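Remarks on the structure that follows.
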Amino acid sequence: MRLLRMGDRISALRVRLDEKFTLPERFKGTVVEKWTNYWKGLLRDYSEVGTGVVKESYANPKKALAYGTAGLALYLSARNNPDEAAFMTLLRKQTNRMVTLPPDQQNRDSADYLMMLERAVNQKKLRLLSLGIITIMWVDLYDEDDCTYPAICEYTTVGPLNFHQRIIDVGCWNEFWRLKYKMHNYDINYL
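Residue 1 is where the sequence shown starts when you use the UniProt record's numbering, and the numbers rise one by one after that.
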């Protein structure tokens, strides 16, 4: 209940500040008064929202816990969103693991997937799309430095209707999940 009294304290403090700080007569009707009124209104609105959130969290603690948990999960997902450097590091690590095996003991699916990724990297066709909480890796039709007409024409590029066909990996929580899945049984004799 101490936080509920805090809202009353904030509103009392706001009233005292309004009484104590008044603009001189020379600023009445000018841009300075409008600017001051704007910031006072903004501060008042945010303080009311803050006290309302605290009061509602006392009234519905389960709902507040669910919102807090969802907010924390989204924040941590955004913070641990992998980038292109993380993908390249994981790709090199998995390629080094695959190279240690003789070719006849390599899983064909894993080897083909790594080969496809290496070709896309070498041809500069690998693209990254960060959505804040997840990262999508996809292969473009053309090199990023290609200036030919088919590469720059809007009708021959990857559009929103066929974009899903070009996705090769999805990253979340500092992992790229398809790469991890494909490399799970990279050895034929894996136990």
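In this text, a Cβ means the ideal position worked out from N, Cα and C, and glycines have one as well.
Treat the numbers as computed from the prediction; the structure is a model and nothing was measured.
Asn96 and Tyr181 have their C-alpha atoms spaced approximately 16 Å apart. Counting only runs of at least 4 residues, the segment 10 to 97 fully encloses the following alpha helix (DSSP H) elements, listed from N- to C-terminal order: 31 to 59 and 61 to 79. For Ile152, the enclosing alpha helix (DSSP H) begins and ends at Tyr149 to Ile152. Under the three-state reduction of DSSP, Glu118 is assigned to helix.
Annotation: Thr51 to Ala64 spans about 14 Å, alpha carbon to alpha carbon.
Comparing C-alpha distances from Asp83 to each of Glu33, Val170 and Asn185 shows the shortest one belongs to Val170. In terms of CA proximity to Lys124, Met88 leads the group Gln94, Ala111 and Met88. Scanning its chain for C-beta atoms nearer than 7 Å, with the 5 sequence neighbours on each side dropped, one finds around Ile136 the residues Leu129, Ile167 and Val170, in chain order.
For Trp138, the enclosing beta strand (DSSP E) begins and ends at Thr135 to Val139. In the structure shown, Leu101 adopts coil according to DSSP, grouped into three states.
The beta carbons of Ser47 and Ile10 sit about 5 Å from each other, so the pair counts as a contact at 8 Å. In the three-state scheme derived from DSSP, where H, G and I count as helix and E and B as strand, Asp187 is classed as strand. Under the three-state reduction of DSSP, Leu131 is assigned to coil, being neither helix nor strand.
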